[in-house]
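Below is one structure, written out as C-alpha cells; the observations come after it.
Number of protein chains: 4
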Amino acid sequence: MSPIRDPIHGYIEISPHIEKLLDTRIVQRLRNVKQLGWTNLVYPGANHTRFEHSLGTYYLASRLGSELSEEERREIEIAALLHDIGHGPYSHDSEDIIEEYTRRKHDDVLFLLENPEIATILDEYGIKPSAISSHIQGKTKVGQIITGSLDVDRMDYLIRDSYYTGVAYGIVDYEHLLRNIRFYDNNIVLYYRGLKSAESLLMSRFLMYPSVYDHHVGRIAGSMFVHGIDAAISEGDMNAFELQLMDDYELNERMRHFNKYSAEMIGRLNSRNLFKRALYVGFDSVDRSIVRYTRIHKDIEREIARMAGIDSGYVLIDIPKIPDFRERNATVLMENDQLKYLDDVSNLVKIMEESYSSDWRMGVYTLPEYREKVGRIARDYFNVEKVPKQSKLEVV
Amino acid sequence: MSPIRDPIHGYIEISPHIEKLLDTRIVQRLRNVKQLGWTNLVYPGANHTRFEHSLGTYYLASRLGSELSEEERREIEIAALLHDIGHGPYSHDSEDIIEEYTRRKHDDVLFLLENPEIATILDEYGIKPSAISSHIQGKTKVGQIITGSLDVDRMDYLIRDSYYTGVAYGIVDYEHLLRNIRFYDNNIVLYYRGLKSAESLLMSRFLMYPSVYDHHVGRIAGSMFVHGIDAAISEGDMNAFELQLMDDYELNERMRHFNKYSAEMIGRLNSRNLFKRALYVGFDSVDRSIVRYTRIHKDIEREIARMAGIDSGYVLIDIPKIPDFRERNATVLMENDQLKYLDDVSNLVKIMEESYSSDWRMGVYTLPEYREKVGRIARDYFNVEKVPKQSKLEVV
Amino acid sequence: MSPIRDPIHGYIEISPHIEKLLDTRIVQRLRNVKQLGWTNLVYPGANHTRFEHSLGTYYLASRLGSELSEEERREIEIAALLHDIGHGPYSHDSEDIIEEYTRRKHDDVLFLLENPEIATILDEYGIKPSAISSHIQGKTKVGQIITGSLDVDRMDYLIRDSYYTGVAYGIVDYEHLLRNIRFYDNNIVLYYRGLKSAESLLMSRFLMYPSVYDHHVGRIAGSMFVHGIDAAISEGDMNAFELQLMDDYELNERMRHFNKYSAEMIGRLNSRNLFKRALYVGFDSVDRSIVRYTRIHKDIEREIARMAGIDSGYVLIDIPKIPDFRERNATVLMENDQLKYLDDVSNLVKIMEESYSSDWRMGVYTLPEYREKVGRIARDYFNVEKVPKQSKLEVV
Amino acid sequence: MSPIRDPIHGYIEISPHIEKLLDTRIVQRLRNVKQLGWTNLVYPGANHTRFEHSLGTYYLASRLGSELSEEERREIEIAALLHDIGHGPYSHDSEDIIEEYTRRKHDDVLFLLENPEIATILDEYGIKPSAISSHIQGKTKVGQIITGSLDVDRMDYLIRDSYYTGVAYGIVDYEHLLRNIRFYDNNIVLYYRGLKSAESLLMSRFLMYPSVYDHHVGRIAGSMFVHGIDAAISEGDMNAFELQLMDDYELNERMRHFNKYSAEMIGRLNSRNLFKRALYVGFDSVDRSIVRYTRIHKDIEREIARMAGIDSGYVLIDIPKIPDFRERNATVLMENDQLKYLDDVSNLVKIMEESYSSDWRMGVYTLPEYREKVGRIARDYFNVEKVPKQSKLEVV
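Residue numbers (this note's numbering), protein chains in the order written: chain R, 4 to 399; chain H, 4 to 399; chain G, 4 to 399; chain B, 4 to 399.
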C-alpha cells in the first residue's frame, strides 16, 4: 500500500497488518468522528478526525517501537492504531454519558477487538484481542508507549490539535523527545538529556487546556450536546450502546428527528445558537463539597430552573474534570544511571497539577435572556462569595 | 465580536455586518460541508469546510478592498463571505448533479440572498441581494476581487487545501500577490513586479490538480457518490432542490436508508470500499467525439455493463471537465504604464492550458472483480488504441 | 522605501524616520554582528544577525505602539531599532568583557546616539538622544515596550532564535500576546485573558536557556573567545573601546594576527577545535561562596593550571549568570479591573526562577588531553562533593 | 557523534567518516562563507552558510543513496559533504573572477581533496580523491545524485534559500521527489508518478531566479564586489589562488585596507551605500552580438565612463549568465517501463528555458548622481531601441 500523506508527520508507511485493519468498518468509522467534538464552533479549523489521530499515533508508536522484537512491535503498532475505536460520536463530548449508561470507558474496547472483523486479522498474526486490549489500557510494559506517563497518544494529539486550531501552544519538540525515550531494563524511561522536551510536552498540555480543550464556548456546546443526548436516551430515541458505535453524521442527523428537546439542542448547535454563561467561577469561589465530577447534575439544574421560573433543560451545570497528570510518574534515567521520578527531577512538573486547578471553572449556562436571573440564583445556590465582575474582554 | 482564529490567516477580525451574517443558518450550514468532498479518502487531513474557506475569502477580500469606498468594501466583504452558500453537500462532488436537475449553478445564489434571513441584514445596510449576487458572479468590477482572473477565492483555497492535505504545492506567496493587485483606472490590475507571484499561483493550481483535485481515488469516490445521488433522485428518495440545501451530515445519514443502490454506495464510501479503475486514459488515446463533458453517462455505462454481463450501476464512466483558465485574461500593468494580458506577458501562462490537457484522464470504474473484463470491453468501446500497461507503482 | 522581507514577520514596512536611520553605518554594522555569537558551532543555522533582530523589534514595537501619540510612537520605533547598537562583535560573547574594561553596558548607547550620524536624524524630528537612551534602558513608561517586564525585544529574539536554530521551544503565540498587552492608565498591562500567552513566553525562555543560550558547547566557545579577547587587550593588540565598535568580520580576522594565544583561540574557534569539559557541576555541588559571577577568573585558573602543571590559559572557568527574571513584575489587569503582579496570578511564574537555578552549571574547560587531570584538581579545589558520573549521552 | 540540528531537515545523523571530515579546516571554513553572498543586503535573513548547505546535501544524498552498496553510499555521502569546498568567499559572488584568474571552476576540487587533511581520511576508507572529484563533477553514475539533472544539491539549496530569505517560492515537495527518484538499470530515473514534484522543483528555480538569485540589488552588490576584487588582484593586494581559500571574514576585513578603490567598494557594501541602475534592459532591447557573458567588461566600462566624463570604476556593466537547465535531460521511467527525457514528457519543462530568457536583464550601474547621464550614454552605446520608462514601483 502506498504511504499515506499526513500534514503532521509527512508520509506514513503502512505495514501489511495495519493495512488490513485500516480497511475495517470499525476503523473507517473514525473518519467521521471529529477529534475535538464541537470545538470547531470556537476554532473553525478543528475538523480533524480520530482517524488521522489514530494513524499518527500508529506512526509514532512504530518509531518508538523500533527497539522491540518484531512481534512486540507489531502488537504495539496495532494497539496504537486501534486505541480510539471505542470513542463515540464527537469523541470526548459523548464520552462521559456513554460511560454513565454503559459502564464502558472509551478504552474498554475488548468487545470491538473480539468482533470477527478485527479478531480474524489479529488471529492471522497469532495475536489475542486481550493482548491488544491490555496494551491500549497501558497495563503492559510496552503498552506504556501508547498509554503511559509519556505516551505517543499525547504527543500526536497535542501537535495535531495545535495544527488544526491554529493555536501555537501545542508545538512540541517530539523529535527530541522520541530520541530520548527508550526501553531500559525493560521499562520505558526518559533520558535526562530529554528532560526539556518532556517539560515542553507538559507545558503544551498545560497551555492547551484553557485555550482549547476547556474553552468556555466549547464547554457550553458540549454541555448542550450531552443534555440533548441524555434526553434522547431517556425518551427512548436511542440507547447508549448503539450511540457508542454511531459516527458524527448519523447522530447529528438523527437527533434532528428525536424528541423536541434533543432536536432543539442539535439545531442550536448546528446553527451556533448557544447558551451563555450565567455563572463561571473557579475553585476558590465554590463550596468544594458540591463539586463532585459527573457529566449531568439533573437535580440541581431542575431546582435552579424552578427557582428561576423557567423550563427544566434550560439551566445546565458544567463541572469539568481536572485533567489527570500521570506524566509526573515518568521515570527518568539520570546521567549517573539512577532512576528517578519526573516530578523529583523537575520543579516545573511538581507545580503543574496545582496550576491546572487554578484554570478550572464551574459553569452554569442558560439562554441569553435568563442569564442575569439564573446567574443570581446560581450564585446563591452555590454560595459563591465574591464573583469577579464579568470583564468586557472575551477570551479569544 | 472577538476575532476568529484561523490556521491560515491568523486572527480574522469580524466586521459587524459580517457577524450578523455569520450567525445565519444559511452560513452556519457551511460548517458541515467539506471543502473537498470525498478527498479525505485520499488525504485524511482534508476535513476542512466551506465555512473556514468563506471566512478566509472574506479576510482576503477585505484586505484587497482597502482602497474601495466604505460601501463598496462592505459589499465585497459580504459577497466574499457568501460566495459559496449555494454549494450542496460535499461541495464539488454534488455540484454537477445539482446543476443538471435544478439548472442552478452553485453561484446562482440570488434565491438564498433573497431569503429573509439574509435579506433583512442586507437591507439594514441598504444593500440589494442582486448587487451581492452580481459581485459573486464576477459581473461587476469590484466583484472581480472574488470571481475574476486573479481572485481571492482561489488564493484562499489553494493555500488552505495545501495546508490540510499536507501537499506542499499550494504554497503561494499571497502576501506579495495581494500587495501587487490594485485598482487602476477602476479595473483590477496586476502590477508587473507581482508577475512572479501570479505565476506561482497558477503553477500551484497546475500542480494541485493531478495531485489533489483530480486524484484518481477522489474521482472514483466522487463518481460513486454522484451515481448514488442520481439513483436517489430517480427513485424519489429526495429531490435536487432539497439536496442543495442539505449538509454532509444529513445527506450521508439519509442515504444509508434510501434505495438499495444509493445505500450501497454511501456504505462503500463510508468504509472506503471503492470501485477500481478498469480504464484510465488520456486525451491521446480517446476518440475525441465521445468525450463530451457531463457528470453521468447512463447509456454508455449500461451498454458496457450489459456487454460485460454485470448489473447496471457497477460500471461508472468519469469524464472530468478541464479546469477553466481565466487567469490568462488578467490585466498586467507594465512598468511603462501600458496594460497587457497576462498570457502576453508570461510564457508560462501561455502554455499552461495545454498542460492541463496532458494531465486529463478519462476513467471507467467498476468492482475489483470485474476490472479486467470491463477494462477490455471499455477499451474496445472507446477505440483506445494503445493503453499503456498499468504500472505497479501507485500514485501517492 | 519598499517593505523588507523578514522570514519571521513577513513584510516589514519602513517608516521614513526608520529608513534614514537604517542607512547609517552605526546600524548597518549590525548586519555583521551575529545575534547568538558562537552558537552556530552548536546549531549551524544560527547565523542570524542583530540587524534582523533590530528590524523585528522595531516591527513589534510599532504594532504595540499603535495606541500612542504619533510622537511617542516615533520615538519608540526609533528606540526599538537602535536598542542593540551598543553590542560588540559576537553580541553576548563580548558583552561582559567590554563592560569590564569600558564600564559601559551594551545599552549605554548615549554616546552613539549623540554621534552626528544619528543625532542629525533625530534632530530633524525634534528628538533628543537622551530621550531615546531612556526608552532603550526602560526608564520611561513607553520604554517598557522595548525593555520591560514583557517586552518586544524578548518576543522577537525567542521566535527568531528558535527559527534559525531549529529548536521548537521558542514558539510563542505572539499575536495573542500583542493583542493583550495594552496601555491602561498610562502603564503597560497584560490583560488577564492573555495570561496563557505570557506564560508561554516565559516557558519558552525557560526551555531555550539550557538548550540554546547555555548549551555547554556554546559556553566553551564563548569562554575561549573571551579569554582570547582578554589576552589581546592585555597585550595591547586593541583596546576595549574600539572593540565595541568592531563587527564580527574585523575582530575575527584581526585576532588571527594578534598575540600567539589570541590567534590560537580564534584559530581553534574557526576550525571548531574546542576545549572540553573537565568539570561541569550544578549549584548543589558547589561551594556557593566561590560562585561569584564575573566573566574571567584569572587567579583561580592560574592556580589550577599550576597545580596541573600546564600552561596558564588552558584552564578556563565559566560561571554563568542566572538570567534575570523581570517578567514576574509584569502587571496584569484582572477581569474585575484590579491590577496584580504576574507572579501573584501565575503559579508557573512563581516557580520559574527556582527552576532556572536547577539548570545552572559551572564549567571548567581545558584541552582534551588534560581533561581528567584538570577535572580531578578542580573538583578538589571547589570541594565538589559528589560529581555525577559523566553520562555517555551527549545533550543534543 | 550527536546528530546535528538543522532547521530544514531536523536531526541529521553523522556517520563516522563524515564526522572526521567535518572536523577539517577545509570544511569548517565553509561556516564563514555565506551561501548567497551579498543577498543579505536584499533579504536580511539570508545569512546562511555553505556549511549548513553541505550538511543538508549530505543528508539528502544519504537518503537517496540507501539503495547503493555500502561503499558507493559512503563515497556519495562524502562527495555531497565536500561538493562546495572549492567555493571562495561570498560563494557565487567571487566565483567567476576566481575562475577567470585561476582557470579553476568551483567544482575543480581535486587539489583540495588531495590535501593531506582530507586525503588521509579518504585513505582510511580506501577512497581515492579522484573518485570523489568525479562524483562531485557528476561524471559518474552515482555522482548524478549530487550533480545531475535532478540532484540533491538543488533540492537542498532551493528549500534552504527559501527558508532564510522568507520567499515562499522555494518550497518543494522533496519528500515526494526523493521517493520517486531511484536507480533503475544502474541509472538515476524519475518515476513518472513523481513528475509533478519534479515540475515543482523546476518551477521553484524558475521563480527564485528573478526574486532572489538575480534580484537587481544583489546583482549591483555582486558587481561592485567583483570590481573591488579585480582591482585588488590587479594592484597586487592579493592573488586569486589565496582568494579562493579565504573566508568571508578575512576577505571583508582585509579589503578595507587594500587599494583605495577596493576599500571604497567594501566600505560601500558594508554600509549598503550602493550604486544604482543607469540602464536595465532585457534581451529584446539589446544588440545580441554585444551580449557575451563574462564577469567584467573593462573596455566598455572605461569607454562609457570616459564619454560621461567620470572616473573609470564608477560605471559597471553586468551581463548575467542564463541559468543552465540540465533538468530537461532527466530520465523519466514511464508507467509502461519506457524511458523518456523529462522535456518530452512535460510541456512545462519544454518552455522553461525560454522563460528564463524573458527574465534576463543587462544592467549598467553607477553612482546615483551619474545615473541619468550614464543611462543616456549607455543606451546609445548598446543601441537600446526603446527602453521602457522606469516605473516608480520597485520590485520587493
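Heads up, the beta-carbon is just placed ideally off N, CA and C, and yes, glycines get one too.
I'd like to know if the region 13-26 of chain R and the region 25-35 of chain H are in contact, where contact means that at least 3 CB-CB pairs between them fall below 8 Å. Pairwise C-beta distances place the region 13-26 of chain R out of contact with the region 25-35 of chain H, as fewer than three of them are shorter than 8 Å.
Compare the C-beta of Gly169(B) with all C-beta atoms of chain G and state if any pair is closer than 8 Å. Using a Cβ-Cβ cut-off of 8 Å, Gly169(B) counts as an interface residue toward chain G, since at least one Cβ of chain G sits closer than that to its own.
Output yes or no for whether 8 Å exceeds the beta carbon distance between Val145(B) and Ala83(B). Between Val145(B) and Ala83(B), the C-beta spacing is not below 8 Å.
Taking beta-carbon pairs under 9 Å, can you tell me which members of the region 246-258 of chain B lie near chain G? Interface annotation for the region 246-258 of chain B against chain G: Asp250, Asp251, Tyr252, Glu253, Leu254, Asn255, Glu256 and Arg257, criterion Cβ-Cβ distance under 9 Å.
Amino acids of chain G, ordered along the chain, whose beta-carbon sits closer than 9 Å to that of Arg8(B): Within 9 Å Cβ-Cβ: Val45, Tyr46, Pro47, Gly48, Thr168, Gly169, Val170 and Val399.
Strictly below 9 Å CB to CB, what residues from chain B border Arg3(G)? Here chain G comprises residues numbered 4 to 399, so residue 3(G) is not present and cannot be evaluated.
For Phe385(B), does the count of other Cβ atoms within 10 angstroms reach 16, so buried, or fall short, so exposed? By the Cβ-count criterion, Phe385(B) is buried, with 16 or more other Cβ atoms from all chains shown falling within 10 Å of its own Cβ.
Can you tell me whether DSSP reads Met365(R) as helix, strand or coil? If DSSP states are grouped into helix, strand and coil, Met365(R) belongs with the strands.
Mapping the DSSP letters down to three states, classify Phe261(G) as helix, strand or coil. Residue state, collapsed to three classes: coil.
Outcome for Tyr62(B) when other beta-carbon atoms lying within 10 angstroms are tallied against a minimum of 16: Buried, by the Cβ-count rule.
Within its chain, find whatever has a CB closer than 6 Å to the CB of Tyr264(B); leave out the 5 residues flanking it on each side and keep chain order. Once the five neighbours on either side are set aside, the close Cβ partners of Tyr264(B) are Ala234 and Gly316.
Is DSSP giving Asn350(G) helix, strand or coil here? Three-state DSSP puts Asn350(G) in a helix.
Check the Cβ of Ile174(G) against every Cβ in chain R and list those closer than 9 Å, keeping chain order. In chain order: Ala171, Tyr172 and Ile174.
Of the residues Val229(R), Val192(R) and Lys199(R), the one placed nearest Asn255(R), counting alpha carbons only: Nearest C-alpha to Asn255(R) among Val229(R), Val192(R) and Lys199(R): Val229(R).
Simplified DSSP state of Val170(R), which is helix, strand or coil: The three-state secondary structure of Val170(R), taken from DSSP, is coil.
Can you give me, in chain order, the residues of the region 266-297 of chain G that have a beta carbon less than 7 Å from any beta carbon in chain B? The region 266-297 of chain G vs chain B, Cβ under 7 Å: Asn273, Ser274 and Arg275.
Assigned secondary structure, Phe328(G) (DSSP; H/G/I helix, E/B strand, else coil): For Phe328(G), the secondary structure class from DSSP, reduced to helix, strand or coil, is coil.
For Gly68(R), which residues does DSSP report across the bridge? Bridge partners of Gly68(R): none, in fact.
Closer than 8 Å to chain R by CB, Ser69(G): It does not; no Cβ of chain R falls within 8 Å.
Spell out whether any CB of chain D is found under 8 Å from the CB atom of Glu388(H). This model lacks chain D altogether, as its protein chains are R, H, G and B.
Taking just the CA atoms, how far does Met365(B) sit from Ala68(B)? Inspection of the sequence shows that residue 68(B) is occupied by Gly rather than by Ala. Each residue's alpha carbon lies about 41 Å from the other.
Which partner residues of Val284(G) appear in the DSSP bridge assignment? Met365(G).
Residues of chain R with CB under 7 Å from Ser203(G), in chain order? Those within 7 Å of Ser203(G) in chain R are Tyr172 and Leu210.
Under a CB-based cut-off of 8 Å, is Pro391(B) close to chain H? Residue confidence for Pro391(B) is low, a pLDDT of 48 falling below 50, so the modelled location carries little weight and cannot support an answer.
Measure how close the beta-carbons of Ile354(B) and Ile354(H) come, nearest whole angstrom, since I'm counting them as under 8 Å. With 8 Å as the limit, Ile354(B) and Ile354(H) qualify as a contact, their Cβ atoms being about 5 Å apart.
Return the chain-ordered list of same chain residues with a C-beta closer than 7 Å to the C-beta of Pro6(H), the five sequence neighbours on each side being excluded. These residues qualify, in order along the chain: Tyr14, Ile15, Glu16 and Ile17.
Contacts of Glu357(R) in chain G (Cβ-Cβ under 8 Å): Within 8 Å Cβ-Cβ: Asn350.
For the 8 Å Cβ check, are there 3 or more pairs between the region 163-179 of chain G and the region 43-51 of chain G? Contact between the region 163-179 of chain G and the region 43-51 of chain G is present, because at least three Cβ pairs lie under 8 Å.
Just the C-alpha distance for Thr105(G) and Ala64(B), rounded to the nearest angstrom, thanks. Distance between Thr105(G) and Ala64(B), taken at the CA atoms: about 50 Å.
Determine the closest residue to His3(H) out of Glu253(R), Phe261(R) and Ile11(R), with distance taken between C-alpha atoms. A question about residue 3(H) goes unanswered here, because the residues of chain H that appear run from 4 up to 399.
Please state the DSSP three-state secondary structure of Gly13(G). DSSP places Gly13(G) in the strand class (E or B) of the three-state scheme.
For a cutoff of 8 Å on Cβ pairs, would you count Pro3(G) as touching chain R? No answer is possible for residue 3(G): the residues shown for chain G start at 4 and end at 399.
Relative to the C-alpha of Lys199(R), which residue among Asn118(R), Leu181(R), Ala134(R) and Ser237(R) is closest? Comparing Cα-Cα distances from Lys199(R) to each of Asn118(R), Leu181(R), Ala134(R) and Ser237(R), the minimum goes to Leu181(R).
Does Pro213(G) get closer than 8 Å to chain R when you measure Cβ to Cβ? Yes, Pro213(G) lies at the interface with chain R (some Cβ there is under 8 Å from its Cβ).
Helix, strand or coil for Asp1(B)? Go by DSSP, reduced to three states. Given a span of 4 to 399 for chain B in the structure shown, any question on residue 1(B) remains unanswerable.
Comparing alpha-carbon positions, which option in Ile232(R), Val387(R) and Met268(R) lies nearest Glu102(R)? Residue Ile232(R) is the option with its Cα nearest to Glu102(R).
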